[in-house]
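K.L.:
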Amino acid sequence: MTEYAGSCLCKTITFTVTGFSDRVANCHCTMCRKFHGAAFGTLVAVEGLTWLTGLESLQDYVAGNGTVRSFCVRCGASLGFRESGAGIEQIELAIATFDDALPVSVDAQIYTRYKANWCDLLENVPAFSEGRE
Ligand SMILES: [Zn+2]
Ligand SMILES: [Zn+2]
Numbered sequence: 067m068t069e070y071a072g073s074c075l076c077k078t079i080t081f082t083v084t085g086f087s088d089r090v091a092n093c094h095c096t097m098c099r100k101f102h103g104a105a106f107g108t109l110v111a112v113e114g115l116t117w118l119t120g121l122e123s124l125q126d127y128v129a130g131n132g133t134v135r136s137f138c139v140r141c142g143a144s145l146g147f148r149e150s151g152a153g154i155e156q157i158e159l160a161i162a163t164f165d166d167a168l169p170v171s172v173d174a175q176i177y178t179r180y181k182a183n184w185c186d187l188l189e190n191v192p193a194f195s196e197g198r199e
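Sequential numbering of the sequence shown, starting at 67, is according to my numbering.
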């Protein structure tokens, strides 16, 4: 089985997964922008997630709407997102933390009504003002 490896910036936290959802969205919501320190965050649901090292350095931040955002306490890397009340096994990972090439690509741009004016949307990728079903 193919494994795909990921890590935070300082490599304290490392993990592997065995598969991905085919839904990979660039999220332009204000919380993703702030949390990732970027024009958008890109998150993906995964299969077969195994935390290899550093799970004790993964810290949660609960945002105002109850969603949970996880980051490395050593380097500050943004690692993931999960819905309010969801367990760590339901985390959607920040896809940019993977070190390997991945068999998926961005298929949507969501919450574009919150998009920064200094960043243009991708052409040829469907855009949604809010989330998508
Ligand atoms: Zn780190
Ligand atoms: Zn978002």
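Ideal Cβ placement from N, Cα and C applies to all residues, glycine included.
Just to check, is the beta-carbon of residue 143 closer than 7 angstroms to a non-hydrogen atom of ligand 1?
P.N.:
Here residue 143 refers to the residue found at position 77 when the sequence shown is read from its first residue. For ligand 1, at least one heavy atom lies less than 7 angstroms from the Cβ of residue 143.
K.L.:
What's the gap between the Cα of residue 102 and the Cα of residue 90?
P.N.:
In the sequence shown, the residue the question calls residue 102 occupies position 36. In the sequence shown, the residue the question calls residue 90 occupies position 24. So the two alpha carbons sit approximately 16 angstroms from each other.
K.L.:
Less than 7 angstroms between the CB of residue 157 and some heavy atom of ligand 1, yes or no?
P.N.:
Here residue 157 refers to the residue found at position 91 when the sequence shown is read from its first residue. Result no, Cβ not under 7 angstroms from ligand 1.
K.L.:
Mind listing, in chain order, the continuous beta strand (DSSP E) runs of no fewer than 3 residues lying wholly within the region 113–149?
P.N.:
116–119, 124–128, 134–138, 144–148
K.L.:
Looking at the structure shown, is residue 180 part of a helix, part of a strand, or coil, going by DSSP?
P.N.:
Numbered from its first residue, the sequence shown carries residue 180 at position 114. Helix, per DSSP.
K.L.:
Looking at C-alpha atoms only, which residue of 95, 114, 117, 118 is the closest neighbour of residue 107?
P.N.:
By 1-based counting over the sequence shown, the position of residue 107 is 41. Answer by Cα proximity: 95.
K.L.:
For residue 159 versus residue 112, is the C-beta distance shorter than 8 angstroms?
P.N.:
Along the sequence shown, one-based indexing puts residue 159 at 93. Along the sequence shown, one-based indexing puts residue 112 at 46. Contact: yes.
K.L.:
Looking at the unbroken beta strand (DSSP E) that takes in residue 81, where does it start and where does it end?
P.N.:
Here residue 81 corresponds to residue number 15 of the sequence shown, with the count starting at 1. 80–83 is the extent of the beta strand (DSSP E) around residue 81.
K.L.:
Please determine, among 177, 132, 188, 183, the residue with the shortest C-alpha to C-alpha distance to residue 194.
P.N.:
Start at 1 with the first residue of the sequence shown, and residue 194 comes out as number 128. Checking every option, the nearest Cα to that of residue 194 belongs to 177.
K.L.:
Quick check: does the Cβ of residue 107 come within less than 7 angstroms of any heavy atom belonging to ligand 2?
P.N.:
Against the sequence shown, residue 107 aligns to sequence position 41. Indeed, a heavy atom of ligand 2 lies less than 7 angstroms from the Cβ.
K.L.:
Taking 8 angstroms as the threshold (C-beta atoms), are residue 71 and residue 166 in contact?
P.N.:
Stepping through the sequence shown from its first residue, residue 166 is reached at position 100. Stepping through the sequence shown from its first residue, residue 71 is reached at position 5. Yes, the Cβ-Cβ distance between residue 166 and residue 71 is below 8 angstroms.
K.L.:
Just checking residue 140 against ligand 1 - is the residue's beta carbon closer than 7 angstroms to any of the ligand's heavy atoms?
P.N.:
For the purposes of this step, residue 140 is taken as residue 74 along the sequence shown, with counting starting at 1. The answer is yes for residue 140.
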